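Visitor: First, the structure itself, so that you have it in front of you.
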Amino acid sequence: MKVLLYGRLTESIGRQLQLEAAEGCSVAELRRRLADAHPSAAGHLGRSRALIGGSVVADERRVRADEEVEFLPPVSGG
Amino acid sequence: MSVVANLEPHALDPQLELAELTEQARGDGALVTFVGLARPESRNGEAVDALVLDHHPTLTRQSLEHIAVACAERFDVSHIRVVHRCGTIPAGEPIVFAGASSIHRRAAFDAADYLMDRLKTEAVFWKREVGDGGAKWIEPTEADFADRDRWG
């Protein structure tokens, strides 16, 4: 699955990742996996909203392999 | 009534935006505009070369539109125009234009004030200041949130 990141998360993880995640893994599992791989981003990942298809999703949401997950940290404003 | 909310990846020309809004506002009696500039200095007094605004491909524009429409619905205004930069903005260059026109001045003043208070806290951007000391991410201040909360 494809993972897109914004703001501070791009600094430690990058703009996008292609992950070989197990079919049906939850957003929470994905968040944990990213945090384990990028410990310096763990705090910001915890405070980030997860979006699929442009809508905010709960951590329990299961993710299909063909879906794109976005993690948005709190915004800075303009 | 018109509401314009644009995300500008290149240079923002406040004179051009003012000219567009003035043309639209011919039937009005008041036009109030605000132009925000990228500061050359951080809150800590460090030199800043540029402000870099990361944005989301759809949600950022939507947030600008949402704020502009809410403003148009709230105040007795005729025209709203918001143009916000994204990308790298060198210090001293315009980052945002917010304007409103109305029959009488109070609505236009309030609308411009409201636009900026909400843009400063809710627009979907992730900002960082870049200077000799490296890059520093910026978040809204308590004062920014207090300003926004004045509007309920």
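These protein sequence lines map, in sequence, to chains B and P.
One point on numbering: in this note's numbering, the residue at position 5 of the first sequence is 899, and numbering is uninterrupted.
One point on numbering: in this note's numbering, the residue at position 50 of the second sequence is 52, and numbering is uninterrupted.
All C-beta atoms in this analysis are idealised placements derived from N, C-alpha and C, irrespective of residue type, glycine included.
All values derive from a computational prediction rather than experimental measurement.
1. Rank P:Phe127, P:Thr123, P:Phe77 and P:Arg63 by C-alpha distance to the C-alpha of alanine 148 of chain P and give the top, closest one.
2. Using the three-state DSSP reduction, which class does glutamate 954 of chain B fall into: helix, strand or coil?
3. When the Cα of leucine 14 of chain P is compared with those of P:Arg83, P:Trp153, P:Ala110 and P:Glu43, which residue comes out closest?
4. Am I right that histidine 58 of chain P and tyrosine 900 of chain B are in contact with their C-beta atoms under 8 Å? What's the rounded C-beta distance?
5. Give a yes or no on contact between the region 25-33 of chain P and the region 60-77 of chain P, applying the rule of three or more CB pairs nearer than 8 Å.
6. According to a CB-to-CB cut-off of less than 9 Å, which residues of the region 108-133 of chain P neighbour chain B?
7. On a CA-only basis, which of P:Thr90, P:Asn46, P:Ala114 and P:Phe99 is nearest aspartate 78 of chain P? Give me that one, please.
8. Comparing the C-beta of proline 96 of chain P with each C-beta of chain D, is any distance below 7 Å?
9. Rounded to whole angstroms, how far is the Cβ of glycine 31 of chain P from the Cβ of histidine 106 of chain P, which I believe are closer than 8 Å?
10. Can you list the residues of chain P that leucine 966 of chain B reaches, using a CB-CB cut of under 9 Å?
11. Could you tell me the alpha carbon to alpha carbon distance between glycine 133 of chain P and serine 44 of chain P, rounded to whole angstroms?
12. Give the secondary structure of leucine 939 of chain B by DSSP, where H, G and I count as helix, E and B as strand, and everything else as coil.
13. Express the C-alpha separation of glycine 971 of chain B and glutamine 912 of chain B in angstroms, rounding to a whole number.
14. From this set, P:Glu48, P:Pro16 and P:Cys73, which residue's C-alpha is nearest arginine 150 of chain P's C-alpha?
15. Consult DSSP for serine 44 of chain P and reduce its assignment to one of helix, strand or coil.
16. What residues in its chain sit with their C-beta under 8 Å from that of glycine 94 of chain P, if we drop five residues either side in the sequence?
17. Which residues in chain B sit within 9 Å of tryptophan 153 of chain P, going by Cβ to Cβ distance?
18. Kindly indicate which residue of P:Lys138, P:Ala137 and P:Arg152 has the alpha-carbon position closest to the one of glutamate 144 of chain P.
19. Tell me whether phenylalanine 99 of chain P sits in a helix, a strand or coil according to DSSP, three-state version.
20. For the beta strand (DSSP E) that contains valine 6 of chain P, what are its first and last residues?
21. Excluding five sequence neighbours on each side, which residues of the same chain lie with their C-beta closer than 7 Å to the C-beta of leucine 53 of chain P?
22. Please list the residues of the region 139-152 of chain P that have a C-beta atom closer than 7 Å to any C-beta atom in chain B, keeping them in chain order.
Guide: Walking through what the data contain:
1. Start at 1 with the first residue of the second sequence, and residue 148 of chain P comes out as number 146. When only C-alpha atoms are compared, the closest one is P:Thr123.
2. Residue mapping note: residue 954 of chain B aligns to position 60 of the first sequence, counting from 1. Coil at glutamate 954 of chain B, not helix or strand.
3. Locating residue 14 of chain P in the second sequence gives position 12, counting from the first residue. If we check each option's Cα against that of leucine 14 of chain P, P:Arg83 comes out closest.
4. Residue mapping note: residue 58 of chain P aligns to position 56 of the second sequence, counting from 1. Residue mapping note: residue 900 of chain B aligns to position 6 of the first sequence, counting from 1. So it is a contact: roughly 6 Å between Cβ atoms.
5. no
6. Met118, Arg120, Leu121, Lys122, Thr123, Glu124, Ala125, Val126, Phe127, Trp128, Lys129 and Arg130
7. By one-based count along the second sequence, residue 78 of chain P stands at place 76. Comparing Cα positions, the closest option is P:Ala114.
8. Absent from the structure is chain D; the protein chains it does hold are B and P.
9. Indexing the second sequence from 1 puts residue 31 of chain P at position 29. Indexing the second sequence from 1 puts residue 106 of chain P at position 104. Confirmed, Cβ separation roughly 6 Å.
10. Position 72 of the first sequence, counted from the start, is the residue given in the question as residue 966 of chain B. Near leucine 966 of chain B (Cβ distances below 9 Å), the residues of chain P are His58, Leu61, Val126 and Trp128.
11. In the second sequence, counting from the first residue as 1, residue 133 of chain P sits at position 131. In the second sequence, counting from the first residue as 1, residue 44 of chain P sits at position 42. The straight-line gap from Cα to Cα measures roughly 9 Å.
12. Walking along the first sequence from the start, residue 939 of chain B turns up at place 45. Of the three classes helix, strand and coil, the one that applies to leucine 939 of chain B here is helix, per DSSP.
13. Taking the first residue of the first sequence as position 1, residue 912 of chain B is located at position 18. Taking the first residue of the first sequence as position 1, residue 971 of chain B is located at position 77. Spanning the two alpha carbons is a distance of roughly 29 Å.
14. Taking the first residue of the second sequence as 1, we reach residue 150 of chain P at position 148. Looking at the Cα atoms, P:Cys73 is the closest of the given residues.
15. On the second sequence, residue 44 of chain P is found 42 positions in, with the first residue counted as 1. In this structure, serine 44 of chain P counts as coil in the three-state DSSP scheme.
16. Within the second sequence, the letter at position 92 stands for residue 94 of chain P. So the qualifying residues of the chain are Leu39, Ala40 and Pro42.
17. Locating residue 153 of chain P in the second sequence gives position 151, where the first residue counts as 1. Within chain B, no residue comes near tryptophan 153 of chain P; the closest Cβ sits about 14 Å away, beyond 9 Å.
18. As a working note, residue 144 of chain P is residue 142 in the second sequence. That would be P:Arg152, whose Cα lies nearest to the Cα of glutamate 144 of chain P.
19. Here residue 99 of chain P corresponds to residue number 97 of the second sequence, with the count starting at 1. Strand at phenylalanine 99 of chain P.
20. Numbered from its first residue, the second sequence carries residue 6 of chain P at position 4. Counting along the chain, the beta strand (DSSP E) containing valine 6 of chain P begins and ends at 4-10.
21. If you number the second sequence from 1, residue 53 of chain P lands on position 51. Closer than 7 Å at the Cβ level, and outside the excluded window around leucine 53 of chain P, lie Ala40, Ile91, Ile97, Lys129 and Glu131.
22. Trp139, Ile140, Glu141, Pro142 and Asp146
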